[in-house]
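Residue numbers (my numbering), protein chains in the order written: chain A, 13 to 348; chain B, 13 to 348.
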């Protein structure tokens, strides 16, 4: 019976709430929010065939669905306290013990990797022909200490965690859309790293919790650096009523070994600039707070790279070795 | 552009949070939980073709998706404070202004009907071939005052709000599975009432907030009275370690005019006993608290009917005019 399977594999994920709270087994979950904190709620929906190929492993689907939510919490500076799951499953998945075991293991291992308690706090499982997951993660942040998209100021340093373009490279490998020439330039390790990065992103939770009060704004890079930096500019301009833009130096973008090769070979800058699926943080910080934030990042073993600055005029300007004219043309940006 | 449409229709639903809180526009929503309260989280997933016919109106889909969540909050004794939405939309819906307008109106009108502030606090919209919604509603309840499934005791009165079987009748009419003979026995008004009840259930929020401390346990009837009462018995037995059961008198089941006719004509007791889609509350209450709870229900214009009692032995026993032998055989229970 599939519901026995679901119960067997999901119940262990739901443990760890304090006495008096309740995860599953009633009409709803009961969760105590610590005093002087605000609840943070994030929601992401993943559809098979849209957000991941149909043949993706159950383990990776679960890992990624939760990781992208935790990444949103990280970008707000929040600590996760639990997640709920709306799951629509084809019969073949629901009735396969192996599939359910792998799927729940993906959640388990991601949570274990964070070193935090992030229990499953309810949800709903239904039948559907298309595997669809809506994960809604809940976090908490001290009242007034959330780091928003809307706080960037002219003069801020723009920085990112980790490397850029690796998710896009992983996707290109998964969908086999790289030319043979480009692909053969990559080592096996480059390829394995990119695929792993695509399927099992690591949310920057520790860094997220270092943001307040040093960073002025933050966002997680899920739609690509330029688009997400654009969201920061848009929200921050709206909140101050002043035009804001950014200057980004291509040579300062942190790249993995694989992406570095593709950029050297064919100037595929669109990978680090527009590739989604990064789940790194893009943040802005006053110059006087930069070294303190760098020190905190180093303490948590997070690579934090300065890639540009916020300007007082609209638009994102790209430079290569400091020169705008040297930037290659990005027509047909989305395709590689 | 579809995302303009989504923004245009969803943004108005997201208003109403207090200063310092945030519904949409950032990586996550920020919500202040009042002191000494617990957060209550409920989640329901609805899939087109599984939970509602493909041709269901957008308005009704939205209404129902939120209503079934609010019904879960009601059953916990919680007050709603917002909801998030994971929405997977076929192209034809996403690109239709009429569809988006109807859909958002369904949420709006249900919220307006409750007289409460229940803002949309974020979510995610994606493309899919199958319309799938996961609504996760958030509520609050004073710490320790949630009414759980697990509190029933032998001797409790079993009661239900509203009428039973009406959702099942509505579904039978929507799917046209009633025999012509049975259908012709129903007036136009019976049919309209049942369809309306199926598509736009009214969550018993006011009654939910009267439950503590009078009711010992409560659940919302989404799977059918017998199954949901069974959940109360199971959880309550687990929590006390003693066997518990219930005796339910068929003549005491509150029935609508339509269901009453079907029961009279063909003894279709399975409609009120096993029909899902009720979204009424089933609760248990000590006899000494019964008249106080009845008075509260009357104050809120809620019909509250005593239908049986909790026993000290396992199993649900049905009686007709007090006699178990008079109960018709329910083989083939699920089919009508």
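Positions of the beta carbon are idealized from the N, C-alpha and C atoms, including for glycine. The structure presented is a predicted model; accordingly, all values stated were derived computationally and were not measured.
Residue 239 of chain A at chain B interface by Cβ criterion, 7 Å: As a position in the first chain, residue 239 of chain A is number 227, starting the count at 1. No, residue 239 of chain A lies away from the interface with chain B (no Cβ there is under 7 Å from its Cβ).
Closest residue to residue 106 of chain A among A:21, A:201, A:317 (Cα-Cα distance): Here residue 106 of chain A refers to the residue found at position 94 when the first chain is read from its first residue. Of A:21, A:201, A:317, the residue nearest in Cα terms is A:21.
Minimum Cβ-Cβ distance from residue 3 of chain B to chain A less than 7 Å: Limits of chain B in this structure are 13 at one end and 348 at the other, which puts residue 3 of chain B out of reach.
Min CB distance residue 139 of chain B to chain A below 7 Å: Locating residue 139 of chain B in the second chain gives position 127, counting from the first residue. Interface residue, yes.
Through-space distance from residue 37 of chain B to residue 13 of chain B, alpha-carbon basis: Here residue 13 of chain B is taken as the residue at index 1 of the second chain, counted from 1. Here residue 37 of chain B is taken as the residue at index 25 of the second chain, counted from 1. The predicted position of residue 13 of chain B is uncertain, since its pLDDT is 43 and thus under 50; a value taken from the coordinates is nonetheless stated next. Distance between the alpha carbons of residue 13 of chain B and residue 37 of chain B: 18 Å.
Cβ-based burial, residue 88 of chain B [other Cβ within 10 Å; buried from 16]: The sequence position of residue 88 of chain B within the second chain is 76, counting from 1. With 16 or more Cβ atoms within 10 Å of its Cβ, residue 88 of chain B is classed as buried.
Whole-number beta carbon distance between residue 82 of chain A and residue 215 of chain A, since they are thought to touch under 8 Å: By 1-based counting over the first chain, the position of residue 215 of chain A is 203. By 1-based counting over the first chain, the position of residue 82 of chain A is 70. Indeed, because the Cβ distance is near 4 Å, the residues count as touching under 8 Å.
Contacts that residue 173 of chain B makes with chain A (C-beta to C-beta distance below 8 Å): For the purposes of this step, residue 173 of chain B is identified with residue 161 of the second chain, where counting begins at 1. When 8 Å is used as the limit between beta carbons, residue 173 of chain B is near no residue of chain A, the shortest such separation being about 14 Å.
Exposure of residue 292 of chain A, with buried meaning 16 or more beta-carbon neighbours within 10 Å: Working through the first chain from its first residue, we reach residue 292 of chain A at position 280. Counting of Cβ neighbours within 10 angstroms places residue 292 of chain A among the buried residues, the total reaching 16 or more.
Spatially closest choice to residue 272 of chain A from A:181, A:321, A:310, A:324, by CA coordinates: Here residue 272 of chain A is taken as the residue at index 260 of the first chain, counted from 1. Put simply, of A:181, A:321, A:310, A:324 the residue whose alpha carbon is nearest the alpha carbon of residue 272 of chain A is A:181.
Beta-carbon proximity list for residue 326 of chain A, same chain, < 8 Å, skipping 5 on both sides: For the purposes of this step, residue 326 of chain A is taken as residue 314 along the first chain, with counting starting at 1. The residues 245, 249, 255, 256, 257, in chain order, have a CB closer than 8 Å to that of residue 326 of chain A in the same chain once the five nearest residues on each side in sequence are set aside.
Per-residue DSSP class, three states only, for residue 131 of chain A: By one-based count along the first chain, residue 131 of chain A stands at place 119. The answer is coil: DSSP assigns residue 131 of chain A none of H, G, I, E or B.
CA-to-CA distance, residue 131 of chain A to residue 4 of chain B, given in whole angstroms: With chain B running from 13 to 348 in the structure shown, residue 4 of chain B is simply not present.
Buried/exposed call for residue 220 of chain B, threshold 16 Cβ in 10 Å: In the second chain, residue 220 of chain B corresponds to position 208, counting from 1. With 16 or more Cβ atoms within 10 Å of its Cβ, residue 220 of chain B is classed as buried.
Three-pair Cβ contact test at 8 Å for the stretch 113–120 of chain A versus the stretch 106–125 of chain B: Contact between the stretch 113–120 of chain A and the stretch 106–125 of chain B is absent, because fewer than three Cβ pairs lie under 8 Å.
Chain A contact for residue 252 of chain B (CB, 7 Å cutoff): The residue you call residue 252 of chain B lines up with position 240 of the second chain. Not an interface residue.
Backbone CA spacing between residue 129 of chain A and residue 93 of chain A [nearest angstrom]: Residue mapping note: residue 129 of chain A aligns to position 117 of the first chain, counting from 1. Residue mapping note: residue 93 of chain A aligns to position 81 of the first chain, counting from 1. C-alpha separation (whole angstroms): 7 Å.
Chain-order list of residues whose beta-carbon lies under 7 Å from that of residue 238 of chain A (same chain, five-residue window excluded): Walking along the first chain from the start, residue 238 of chain A turns up at place 226. Same-chain partners within the cutoff: 285, 286, 328.
is_contact[residue 343 of chain B, chain A] using C-beta, thresh 7 Å: Taking the second chain and counting its residues from 1, the one referred to as residue 343 of chain B is at position 331. Model confidence at residue 343 of chain B stands at a pLDDT of 39, short of 50, so the residue's coordinates are unreliable; what they give is reported in the following sentence. No, its Cβ sits nowhere closer than 7 Å to a Cβ of chain A.
Inter-residue Cα distance where the pair is residue 42 of chain B and residue 53 of chain A: Here residue 42 of chain B is taken as the residue at index 30 of the second chain, counted from 1. Here residue 53 of chain A is taken as the residue at index 41 of the first chain, counted from 1. Cα to Cα, the separation comes out at about 7 Å.
Extent of the continuous alpha helix (DSSP H) run through residue 239 of chain A: For the purposes of this step, residue 239 of chain A is taken as residue 227 along the first chain, with counting starting at 1. Start and end: 237–252.
According to DSSP, residues forming a beta bridge with residue 273 of chain A: Position 261 of the first chain, counting from 1, holds the residue named residue 273 of chain A. Per DSSP, none; premise fails for residue 273 of chain A.
Beta-carbon spacing of residue 269 of chain A, residue 202 of chain A below 7 Å: The sequence position of residue 269 of chain A within the first chain is 257, counting from 1. The sequence position of residue 202 of chain A within the first chain is 190, counting from 1. Cβ distance < 7 Å, so residue 269 of chain A and residue 202 of chain A count as in contact.
Residues near residue 158 of chain A by beta carbon distance below 6 Å, same chain, minus five either side: Along the first chain, read from residue 1 onward, the residue named residue 158 of chain A stands at position 146. If we look at residue 158 of chain A and ignore the five residues flanking it on each side, its Cβ neighbours are 88, 89.
Span separating the alpha-carbon of residue 71 of chain B from that of residue 149 of chain B: Numbered from 1 along the second chain, position 59 holds the residue referred to as residue 71 of chain B. Numbered from 1 along the second chain, position 137 holds the residue referred to as residue 149 of chain B. Taking the straight line joining both Cα atoms gives about 18 Å.
C-alpha gap between residue 283 of chain B and residue 177 of chain B, whole angstroms: Along the second chain, one-based indexing puts residue 283 of chain B at 271. Along the second chain, one-based indexing puts residue 177 of chain B at 165. Distance from the CA atom of residue 283 of chain B to the CA atom of residue 177 of chain B, rounded to whole angstroms, is 5 Å.
CB contact check: residue 154 of chain B to chain A, cutoff 7 Å: Mapped onto the second chain, residue 154 of chain B falls at position 142. Not an interface residue.
Three-way DSSP call (helix, strand, coil) for residue 196 of chain A in this model: Counting from one through the first chain, the residue named residue 196 of chain A turns up at place 184. Of the three classes helix, strand and coil, the one that applies to residue 196 of chain A here is helix, per DSSP.
Interface residues of the stretch 286–311 of chain A facing chain B [CB-CB below 8 Å]: From the stretch 286–311 of chain A, no residue has a Cβ closer than 8 Å to chain B.
Cutoff 7 Å: residue 322 of chain A Cβ touching any chain B Cβ: For this step, residue 322 of chain A is matched to residue 310 along the first chain. Chain B places no beta carbon closer than 7 Å to that of residue 322 of chain A, leaving this residue out of the contacts.
Assumed close pair residue 46 of chain B, residue 133 of chain B - CB separation to whole angstroms, cut-off 8 Å: Translated into positions along the second chain, residue 46 of chain B becomes position 34. Translated into positions along the second chain, residue 133 of chain B becomes position 121. No, residue 46 of chain B and residue 133 of chain B are not in contact; Cβ-Cβ is about 16 Å, not under 8 Å.
Any chain A beta carbon closer than 7 Å to residue 56 of chain B: Along the second chain, read from residue 1 onward, the residue named residue 56 of chain B stands at position 44. So yes, residue 56 of chain B belongs to the interface.
Euclidean distance between Cα positions of residue 200 of chain A and residue 188 of chain A: Mapped onto the first chain, residue 200 of chain A falls at position 188. Mapped onto the first chain, residue 188 of chain A falls at position 176. Answer to the nearest angstrom: the Cα atoms are 15 Å apart.
Collapsed DSSP secondary structure at residue 329 of chain B in the structure displayed: In the second chain, the residue the question calls residue 329 of chain B occupies position 317. DSSP places residue 329 of chain B in strand when its eight states are reduced to three.
Selection of the stretch 178–197 of chain A by Cβ proximity to chain B, strictly under 9 Å: Along the stretch 178–197 of chain A, none of the residues has a CB nearer than 9 Å to a CB of chain B.
Residue 98 of chain A - containing beta strand (DSSP E), residue span: Taking the first chain and counting its residues from 1, the one referred to as residue 98 of chain A is at position 86. Counting along the chain, residue 98 of chain A sits inside the beta strand (DSSP E) bounded by residues 91–101.
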